[in-house]
Amino acid sequence: FYKFEDCVYVRFKFSKAQEYMCLFYENKIKFITYDASGVLGFVQSGGSDLEVVSPYTLEQARDIQYAQNADVMVITHNDVQQQKLTRVSATSFTIGVYTLTDDPFDDPSTGTVGYPSCCAFYEGRLYFGAPSLEPIKVWGSKVGEYDVFTIPVSPDDDDALEFQAADITDKILWLRSGNNSLLGGNN
Numbered sequence: 005f006y007k008f009e010d011c012v013y014v015r016f017k018f019s020k021a022q023e024y025m026c027l028f029y030e031n032k033i034k035f036i037t038y039d040a041s042g043v044l045g046f047v048q049s050g051g052s053d054l055e056v057v058s059p060y061t062l063e064q065a066r067d068i069q070y071a072q073n074a075d076v077m078v079i080t081h082n083d084v085q086q087q088k089l090t091r092v093s094a095t096s097f098t099i100g101v102y103t104l105t106d107d108p109f110d111d112p113s114t115g116t117v118g119y120p121s122c123c124a125f126y127e128g129r130l131y132f133g134a135p136s137l138e139p140i141k142v143w144g145s146k147v148g149e150y151d152v153f154t155i156p157v158s159p160d161d162d163d164a165l166e167f168q169a170a171d172i173t174d175k176i177l178w179l180r181s182g183n184n185s186l187l188g189g190n191n
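For what it's worth, the working numbering labels the leading residue of the sequence shown as 5, then goes sequentially.
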């Protein structure tokens, strides 16, 4: 018997034929999908329900932000280093720290920038925003290289970037890709 009210639901759509519901419980994720005959059920692996260990408590899972591109979902929360949930196959997922080149984020306990609280994919870049000590800043990856955040001295249009959101004073709470722009907001 599963108590679904004790979890957070996150949709993971790999394709029209393979779509999942990720159930975030206390420090674990379970996956629901349809089988070949259209029956809804838990994804099976080795004869039991597929489950991966997660760094998120149930309370933290209620506040995560996420963005998905193909078989990768990036997950953010101010208290946990950014994570990468990867669909390895139809019945296998992994989760781990999303390692970045020239990672601009670090442990907030050190008194530096902190971990990002929101993310979005837009126009070939991965954007992160609102780490705990820079709540109105946004960083974008190099175009087509989602883990590269190196900002050169003389940047080109496709290099990584960072900017501060204008005209807002409250923390950025979300980032989304729009039709013609990256959107962000605080309510």
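Every residue, glycine too, gets a C-beta built ideally from N, C-alpha and C. Since the model is a prediction, treat every value here as computed from it, not as a measurement.
Report task. Report the option in 135, 110, 152, 154 whose CA atom is closest to the CA atom of residue 175. Result -> On the sequence shown, position 171 is the one that residue 175 refers to. Answer by Cα proximity: 135.
Query - Exposure of residue 159, with buried meaning 16 or more beta-carbon neighbours within 10 Å - result: Locating residue 159 in the sequence shown gives position 155, counting from the first residue. Residue 159 comes out exposed.
Report task. Please name the residue or residues paired with residue 37 in a DSSP beta bridge. Result -> Translated into the one-based positions of the sequence shown, residue 37 becomes position 33. Its beta-bridge partners are 24, 45.
Report task. Taking only the alpha-carbon atoms, compute the straight-line gap between residue 55 and residue 181 and give it to the nearest angstrom. Result -> The sequence position of residue 55 within the sequence shown is 51, counting from 1. The sequence position of residue 181 within the sequence shown is 177, counting from 1. C-alpha separation (whole angstroms): 30 Å.
Query raised in the report: Skipping 5 residues on each side, what residues in its chain have a beta carbon closer than 8 Å to that of residue 64?
Result: In the sequence shown, counting from the first residue as 1, residue 64 sits at position 60. The answer, listed in chain order, is 81, 83, 84.
Query - Test item: CB-CB of residue 90 and residue 79 under 9 Å - result: Along the sequence shown, one-based indexing puts residue 90 at 86. Along the sequence shown, one-based indexing puts residue 79 at 75. Not a contact, by the Cβ cut-off of 9 Å.
Query raised in the report: Taking 8 Å as the cut-off, does the CB of residue 57 come closer than this to any heavy atom belonging to the ligand COA?
Result: Only the bare structure without any ligand can be found here, which leaves the ligand COA out of the picture.
Query - Coil, strand or helix - residue 96 by DSSP - result: As a position in the sequence shown, residue 96 is number 92, starting the count at 1. Residue state, collapsed to three classes: strand.
Requested in this report: Could you have a look at residue 166 and say whether DSSP puts it in helix, strand or coil?
Outcome: Here residue 166 refers to the residue found at position 162 when the sequence shown is read from its first residue. If DSSP states are grouped into helix, strand and coil, residue 166 belongs with the strands.
Query - Ordered list of beta strand (DSSP E) runs contained in the region 116-181, each at least 3 residues - result: 122-126, 129-133, 141-144, 165-168, 178-181
Query - Minimum C-alpha distance to residue 23 - residue among 15, 163, 152 - result: Indexing the sequence shown from 1 puts residue 23 at position 19. That would be 15, whose Cα lies nearest to the Cα of residue 23.
Query raised in the report: Residues bridged to residue 29 by DSSP?
Result: Against the sequence shown, residue 29 aligns to sequence position 25. The partner list for residue 29 (beta bridge, DSSP) reads 32.
Query raised in the report: Hey, would you say residue 62 sits closer than 9 Å to residue 122, going by beta carbons?
Result: Mapped onto the sequence shown, residue 62 falls at position 58. Mapped onto the sequence shown, residue 122 falls at position 118. Their beta carbons are not under 9 Å apart, which means residue 62 does not touch residue 122 by this criterion.
Query raised in the report: With burial defined as no fewer than 16 other Cβ atoms inside 10 Å of the residue's Cβ, what is the status of residue 13: buried or exposed?
Result: Taking the first residue of the sequence shown as 1, we reach residue 13 at position 9. Its Cβ having fewer than 16 others within 10 Å, residue 13 is exposed.
Report task. With a cut-off of 8 Å on the beta carbons, I'd call residue 29 and residue 10 a contact; round off their distance for me. Result -> Working through the sequence shown from its first residue, we reach residue 29 at position 25. Working through the sequence shown from its first residue, we reach residue 10 at position 6. Yes, residue 29 and residue 10 are in contact; Cβ-Cβ is about 7 Å, under 8 Å.
Query raised in the report: Less than 9 Å separating the beta-carbons of residue 166 and residue 147?
Result: As a first step, residue 166 must be located in the sequence shown, where it is residue number 162. As a first step, residue 147 must be located in the sequence shown, where it is residue number 143. Not in contact: residue 166 and residue 147 (Cβ atoms no closer than 9 Å).
Query raised in the report: Which residues does DSSP pair with residue 72 in a beta bridge?
Result: Here residue 72 corresponds to residue number 68 of the sequence shown, with the count starting at 1. Bridge partners of residue 72: 77.
Report task. Helix, strand or coil for residue 113, going by three-state DSSP, please let me know. Result -> Position 109 of the sequence shown, counted from the first residue, corresponds to residue 113. Three-state DSSP puts residue 113 in a helix.
Query - Cβ of residue 152 within 9 Å of any chain B Cβ - result: Going by chain labels, chain B is absent from the structure shown, which holds only one protein chain.
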